[in-house]
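According to numbering that gives the first Met the number 0, the sequence shown holds residues 0 to 215 in order. Glycine included, C-beta positions come from ideal geometry on N, C-alpha and C. Just so you know, these numbers come straight off a predicted model, no measurement behind them.
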Amino acid sequence: MFELIDVKYQEVVDIPHLYITKGQTVLLGASGSGKTTVLKLLNKMISPTQGRILFCGNDLKQLPSVDHRRNVMMLSQNPIMFEGNIRDNLTIAFKFQERVIPGDEELYKILGKVQLEKGLDTPVNLLSGGEKQRLALGRIFLLDPSVYLLDEPSSSLDQDTEDKIIKMVSEHIKKANKSAVMITHSKSVAEKYGDEIIEMAQGKILYRRLRDECNK
Ligand SMILES: Nc1ncnc2c1ncn2[C@@H]1O[C@H](COP(=O)(O)OP(=O)(O)OP(=O)(O)O)[C@@H](O)[C@H]1O
Ligand SMILES: [Mg+2]
């Protein structure tokens, strides 16, 4: 799906060649190893200082950024919340994109999926860090891009909620025939859900393996 050819980003990332297949990819690595930078490159939030990135065979340089980011959406490590309530935060992108705004029933369905049991009128400044993270995930789910780039979507969650959320994400990706590249620090999440596991160290790819191989 993505192919990185001789990619460098400043002194931060150095990847001679990497292929990321369709399905669920998990990106592991120590803090500062370059994981977020790779997701930003895939999302075209930043561009390589050297080399090329292909998405389904097309050079990212040739693809309009806005279109690409609607197709390949990133959940940031520290998601930005907009002033207002949960409803405002779930629907804001629909307003920007002049798309039909989903009704409350649909919004509550999404909140259920991301395990957020709050009213749509709840001001976001009353939410905890983990709740904001789930709301941001709900926001992306509502938009439902082809590729989800998820930067530690479960970092502020307790074990039980993490399991539920990652399972939900994984089932959706499979059922809807989508793809996800997810950063996690949890090896158990990687082994359980990653069709493909990539580990980074100091801006380089340490290894890339398919899950079947690790279960042997
Ligand atoms: N635009 C930039 N210019 C220079 N250095 C940068 C830039 N962006 C990130 N870095 C540095 O590159 C390294 C990798 O950053 P990155 O955010 O990709 O790491 P990470 O693997 O996501 O870490 P964490 O697990 O802590 O989130 C860090 O040392 C960071 O300070
Ligand atoms: Mg990071």
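With H, G and I counted as helix, E and B as strand and the rest as coil, what does DSSP make of H184?
The answer is coil: DSSP assigns H184 none of H, G, I, E or B.
By how many angstroms is the C-alpha of R208 removed from the C-alpha of V113?
About 29 angstroms.
Looking at C-alpha atoms only, which residue of I196, A135 and A200 is the closest neighbour of T36?
For T36, the nearest C-alpha among the options comes from A200.
From F93 to L26, what distance separates their C-alpha atoms?
If I take the Cα positions, the gap works out to 30 angstroms.
Output the residues surrounding ligand 1, defined as those with a CB atom closer than 6 angstroms to any ligand heavy atom, in chain order.
In chain order, the qualifying residues are Q9, V11, G28, S30, G31, S32, G33, K34, T35, T36 and Q76.
The beta strand (DSSP E) that contains D120, what's its start and end?
Per DSSP, D120 belongs to no beta strand (DSSP E) and is neither H nor E.
DSSP three-state label for D143, please.
Of the three classes helix, strand and coil, the one that applies to D143 here is coil, per DSSP.
Could you check which residue in E151, P144, K186 and T121 has the C-alpha nearest to that of V65?
The residue with the shortest Cα to Cα distance from V65 is P144.
Among I85, S46, F95 and E97, which residue has its Cα nearest to the Cα of D103?
Taking only the C-alpha atoms, the option nearest D103 is I85.
With 16 other CB atoms within 10 Å as the buried threshold, where does V99 fall?
The residue is exposed, with fewer than 16 neighbouring Cβ atoms inside 10 Å.
Please report the straight-line C-alpha distance between L301 and Y147, rounded to a whole angstrom.
What the structure shows of the chain is the stretch from 0 to 215, and residue 301 is not part of that stretch, so it cannot be assessed.
Inspect the beta-carbon positions of L134 and L126 and report whether they are closer than 8 angstroms.
Closer than 8 angstroms, so yes.
Among H16, Q23 and D5, which residue has its Cα nearest to the Cα of M167?
Cα-wise, what sits closest to M167 is Q23.
Compute the Euclidean distance between the alpha carbons of E116 and S75, then round it to the nearest angstrom.
Near 22 angstroms, if we compare the C-alpha coordinates of S75 and E116.
Pick helix, strand or coil for I14, following the three-state DSSP scheme.
It is a strand residue.
Is there contact here, the stretch 153–160 with the stretch 191–200, by at least three beta-carbon pairs under 8 angstroms?
Touching, no, given that fewer than three Cβ pairs across the two stretches are closer than 8 angstroms.
Between Y18 and the rest of its own chain, which residues show a CB-CB distance below 6 angstroms, the 5 nearest in sequence each way excluded?
Closer than 6 angstroms at the Cβ level, and outside the excluded window around Y18, lie E2.
Between I14, D5 and K39, which has its C-alpha nearest I182's C-alpha?
Of the listed residues, the one whose Cα sits closest to I182 is K39.
Kindly examine ligand 2 and report whether one of its heavy atoms sits closer than 7 angstroms to the Cβ of I197.
Checking the Cβ of I197 against ligand 2 gives no.
Once the 5 residues before and after I172 are set aside, which same chain residues still bring their CB inside 6 angstroms of it?
Q23 and A179, listed in sequence order.
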